[in-house]
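Chains as they are written, first to last, in the numbering used here: chain V, 1137 to 1524; chain X, 63 to 371. Glycine is no exception: its CB is placed at the ideal position from the N, C-alpha and C atoms. Quick caveat, the model's predicted, so the values are computed rather than measured. Remarks on the structure that follows.
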Amino acid sequence: MNKLKEWRFSSQLIDAMLPLFATLAALVVGAFMLLALGANPLVAYNALLDGAFGSVNSLADTLVRATPLLFVGVGICIAFRGGVINIGGEGQFVAGALCGTLVGLAFPNGPALIIVPLAFLAGVLGGAVWGGIPGLLKAHFNVNEILSTVMMNQIATQGMNFLLIGPLIDPVQLERASRIPQTARISAAFSLPRLVPTRLHLGTLIAVLMAVLVYILLWRTTLGYRIRAVGLNPEASRYAGINVARHIALSLALSGALAGLAGAVQVFGVNFRMFTDGSATGFTGSAGFHGIVAALFGQLHPLGTIPAAFLFGGLLVGANRMQRAVQVPSAFIITLNGLVVVFVVSTELWRQQRARRRAAATIPAEDDEALPAAMPAETKPQDLEAAI
Amino acid sequence: MTQLLSAQVLLGILASGIRLATPYLYAGIGETFGQRSGVLNLGVEGQMLLGAFAAFYAVKRTGNLWLGLLAAMVVGGLMGLAMAFVSVTLRAKQGISGIGFFLFGLGMSDLLFQRMLGTVETVSGFRPVAIPLLSQIPVVGPIFFNQNLLVYFAYLLVPSAAFVMNKTTLGLKIRAVGETPEAADSLGVSVSQVRYITVTLGGILSGVAGASLSIALLNVFQQNLTSGLGFIAVALVYFGGWRAWGLLAGALLFSMVNALQLWVQVLGIPIPSEFAVMMPYVLTIVALVVAVQRVRPPTALTKPFVREG
């Protein structure tokens, strides 16, 4: 019996380690790519690690970069657990940032303790609306959410460009000939407090808090239970009396709300204004996509997403150092992230097989007394499936 | 507004709309094959980017357009093969692995571009070829029959794809595998083999779609050249109800609106250009609402096949 328990524990441990193995595999493939590009992989990876985690400043930068990934990633956990794929993080991020900035600019002389939370609330609402629209379309018109969220990204980007070139443009830029498309700076009083004398700001703590709250939401509340039930089996949920359409829309809206909050926090903690280079990426740094990577890596668990966001934030920060050290463009990291996603989802098959094997091994355990007779102690767990 | 209605402008919109539909047709037809067999490939965008780069680079180095096209097909095909391996053999979640391939293609094409070219350059790509006699037809001739070869091929691909899907054994197998893989399997059709073929074919066609941008329509390569075009192609597959002719209708509608907004900007009509650019995307969402009501997706779409036993 102990052996069985031991085996099940180690089997589950290996499951938890699968993303790490997948990342190692991606790094190995990446090493060959670096070689092909004429760079020494060891020097490159060393620079990457050093740039990401090597000093207090780089650690702080990593945390700052990880913050939007964590917000978005935690939101992705809700959506994916609810059975909907949210590719719209970019647009929701932009929508949230715009709403937050608007509040900040509308009340430049208001008390920070009221205006900043209000701006974050606006960010949450903006993101929730931008995620909720595809949610409602999926729930009531069966429109594939992958596609509608991608379209919503483009619409948000164009909306942002319009506002930043037009009505919201920084009055200073309006006077100059350059007319760089960016908003005015929000009042200095609204900047999020720094935690240590680095760029690290309060937003990182808020993101961690959100991860814990979403964990509680998903696993400790009825609403979370229903969202997960709908994600696992919509038909059964419907028979159980759950309003499936409402929970589909809700999980996308909640997911968008967190991405929207990420955008607002980015404005008040890092950039203090919005700017655009014409694409969404210029402002978001592709947080909407990297957040998906972090969530997947964290096995779609909000708490698992915390270290995952930290890791990928580090990769993105370290990429710049690596670029300087071995002259490999930082786009390498996006390539690497793509490989990590592919490798992590590719390990799904093994995870399922192991889960089946574990489930099979549990059946005789229902009758503990009878087990020793039925199963000799030296029976290897691998044989269980055949034995049953 | 009156400027927009002049005959010359309308013809201009039609001609550019027909041209702009080209990448959607290649990528969309490829995706249609994949989805009809039950595999959702969301990595189209990444395949297009790498195909576009491969074609551009080959043409830049050799000056041979056909070599460029071949390079795009090889690179796209390899990406398709990798997607097939991950989604068919390893049975990975397709929506997510597609995003992985998208990121891979996005990063890789940028990486290669920065490393091997460095700056945005142009090549002389496929030029318009006037079809004798047909291009002489007044009004219609210059619109339809004075395009580049990749445009003609794209429009020939539509009836060919419809024929393969509906009238050949391969098409029957693809549809069977996408609707009832168990039944197809029991009749001796290899579900894996069919899906490998369709997804690899999809990759090849996505590569061509990328090439149609970089060596025929735009004749440049830059970071994120496709900017969401591949995702729109996937959306058009849904819009077209998983049929080649439906896809053609969707691609034309989308491109005409796109051409219209380009002309709106050219003519200096006072609509903010951002709203004009937004128009096709809003339209696609509306179109998805209308289209999805009518047709049901392939039953086995996104479901990996496991033989019971």
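Can you tell me whether residue i is buried or exposed? The criterion is at least 16 other CB atoms within 10 Å of its CB, across all chains shown.
i: Lys-235/X; result: buried
i: Glu-1142/V; result: exposed
i: Glu-1371/V; result: exposed
i: Leu-1156/V; result: exposed
i: Pro-360/X; result: buried
i: Ala-1523/V; result: Bear in mind that the predicted position of Ala-1523/V carries a pLDDT of just 32, short of 50, making it too unreliable to give a figure here.
i: Leu-124/X; result: Rather than Leu, the amino acid found at residue 124/X in this sequence is Thr. By the neighbour-count rule (16 or more Cβ atoms within 10 Å), Thr-124/X is not buried but exposed.
i: Trp-128/X; result: exposed
i: Glu-244/X; result: exposed
i: Met-318/X; result: buried
i: His-1276/V; result: exposed
i: Lys-1139/V; result: exposed
i: Val-326/X; result: buried
i: Asp-1503/V; result: Low confidence applies to Asp-1503/V: its pLDDT is 42, below 50, so where it sits in the model is not reliable, and the reading given next is rough at best. Looking at its Cβ environment, which holds fewer than 16 other Cβ atoms inside 10 Å, Asp-1503/V is exposed.
i: Leu-1160/V; result: exposed
i: Tyr-1375/V; result: exposed
i: Gln-46/X; result: Residue 46/X is absent from the model: chain X starts at 63 and stops at 371.
Measuring straight from C-alpha to C-alpha, what distance separates residue i and residue j?
i: Ala-297/X; j: Ser-335/X; result: 23 Å
i: Phe-1408/V; j: Leu-1234/V; result: 12 Å
i: Gly-1418/V; j: Thr-1471/V; result: 18 Å
i: Phe-1425/V; j: Val-270/X; result: 26 Å
i: Gly-142/X; j: Phe-95/X; result: 12 Å
i: Ala-144/X; j: His-1437/V; result: 28 Å
i: Pro-1329/V; j: Val-1406/V; result: 11 Å
i: Ser-248/X; j: Lys-229/X; result: 22 Å
i: Ile-91/X; j: Val-101/X; result: 14 Å
i: Pro-3/X; j: Gly-240/X; result: Given a span of 63 to 371 for chain X in the structure shown, any question on residue 3/X remains unanswerable.
i: Phe-1404/V; j: Glu-93/X; result: 42 Å
i: Ala-1501/V; j: Phe-1145/V; result: With a pLDDT of 45 at Ala-1501/V, under the threshold of 50, the modelled position of that residue is not reliable, and no figure is offered here.
i: Val-148/X; j: Val-1477/V; result: 11 Å
i: Ser-1373/V; j: Leu-1341/V; result: 35 Å
i: Ser-99/X; j: Arg-1356/V; result: 40 Å
i: Ala-1292/V; j: Val-1220/V; result: 20 Å
i: Gly-1263/V; j: Gly-187/X; result: 42 Å
i: Leu-1254/V; j: Gly-1396/V; result: 13 Å
i: Val-182/X; j: Val-1230/V; result: 28 Å
i: Leu-350/X; j: Tyr-343/X; result: 11 Å
i: Leu-1338/V; j: Val-1344/V; result: 10 Å
i: Met-1511/V; j: Ala-1496/V; result: Residue placement at Met-1511/V is flagged as unreliable, the pLDDT there being 38, under the threshold of 50; a coordinate-derived value is accordingly withheld.
i: Leu-73/X; j: Val-201/X; result: 8 Å
i: Asn-1278/V; j: Ser-1391/V; result: 19 Å
i: Leu-1331/V; j: Leu-1199/V; result: 11 Å
For a quick check, are the C-beta atoms of residue i and residue j less than 7 Å apart?
i: Val-1179/V; j: Val-1462/V; result: yes
i: Phe-115/X; j: Phe-283/X; result: yes
i: Gly-1399/V; j: Gly-1259/V; result: yes
i: Met-1288/V; j: Pro-1270/V; result: yes
i: Gly-130/X; j: Val-121/X; result: yes
i: Ala-1248/V; j: Ala-1325/V; result: yes
i: Thr-1319/V; j: Thr-1412/V; result: no
i: Val-299/X; j: Gln-176/X; result: no
i: Ala-1430/V; j: Leu-1205/V; result: yes
i: Gly-1434/V; j: Gly-1225/V; result: no
i: Ser-78/X; j: Ala-321/X; result: yes
i: Ala-393/X; j: Ala-306/X; result: The requested residue 393/X is not part of the displayed model; chain X covers only 63 to 371.
i: Ala-372/X; j: Gly-272/X; result: Not covered by the structure: residue 372/X. The range shown for chain X is 63 to 371.
i: Gln-1294/V; j: Val-339/X; result: yes
i: Leu-1388/V; j: Gly-1267/V; result: yes
i: Arg-1490/V; j: Ser-1147/V; result: yes
ask   = Which parts of the region 1325-1391 of chain V are runs of the beta strand (DSSP E), unbroken and 3 residues or longer, counting only runs that do not cross its ends?
value = none
Residue ranges of each alpha helix (DSSP H) within the region 75-135 of chain X, 4 or longer = 84-98, 106-124
message = List, from N- to C-terminal side, the alpha helix (DSSP H) runs of 4 residues or more that fit wholly inside the region 233-274 of chain X.
response = Positions of the alpha helix (DSSP H) runs, each at least 4 residues long and wholly inside the region 233-274 of chain X, are given as 243-248, 253-274 in order along the chain.
task = Evaluate the contact criterion for the region 76-84 of chain X versus the region 207-221 of chain X: three or more CB pairs, one atom per stretch, below 8 Å.
result = yes
message = With three or more C-beta pairs closer than 8 Å as the rule, is the region 166-175 of chain X touching the region 1472-1480 of chain V?
response = yes
query = Counting pairs of beta carbons, one from the region 199-208 of chain X and one from the region 312-328 of chain X, are three or more of them closer than 8 Å?
reply = Output reads no: the region 312-328 of chain X does not touch the region 199-208 of chain X.
message = With three or more beta-carbon pairs closer than 8 Å as the criterion, would you say the region 172-184 of chain X touches the region 1438-1448 of chain V?
response = The answer is no - the region 1438-1448 of chain V does not touch the region 172-184 of chain X, with fewer than three Cβ pairs under 8 Å.
task = Note down, one range per segment and in chain order, each alpha helix (DSSP H) of at least 4 residues found wholly within the region 1405-1433 of chain V.
result = Within the region 1405-1433 of chain V, complete alpha helix (DSSP H) segments of at least 4 residues are found at 1417-1420, 1423-1433, given in chain order.
task = Give a yes or no on contact between the region 1479-1489 of chain V and the region 1209-1216 of chain V, applying the rule of three or more CB pairs nearer than 8 Å.
result = Counting Cβ pairs under 8 Å, fewer than three are found: no touch.
inquiry  = So, does the region 1451-1461 of chain V touch the region 1180-1191 of chain V, judging by three or more C-beta pairs under 8 Å?
reply    = yes
inquiry  = To test your reading of the DSSP string, which unbroken beta strand (DSSP E) runs of 3 or more residues are found completely within the region 270-333 of chain X?
reply    = none
message = My parser needs the beta strand (DSSP E) runs of 3 or more residues fully inside the region 145-173 of chain X; what are they?
response = none
ask   = Which ranges would you report for the alpha helix (DSSP H) in the region 166-223 of chain X if only whole runs of at least 4 residues count?
value = 202-206
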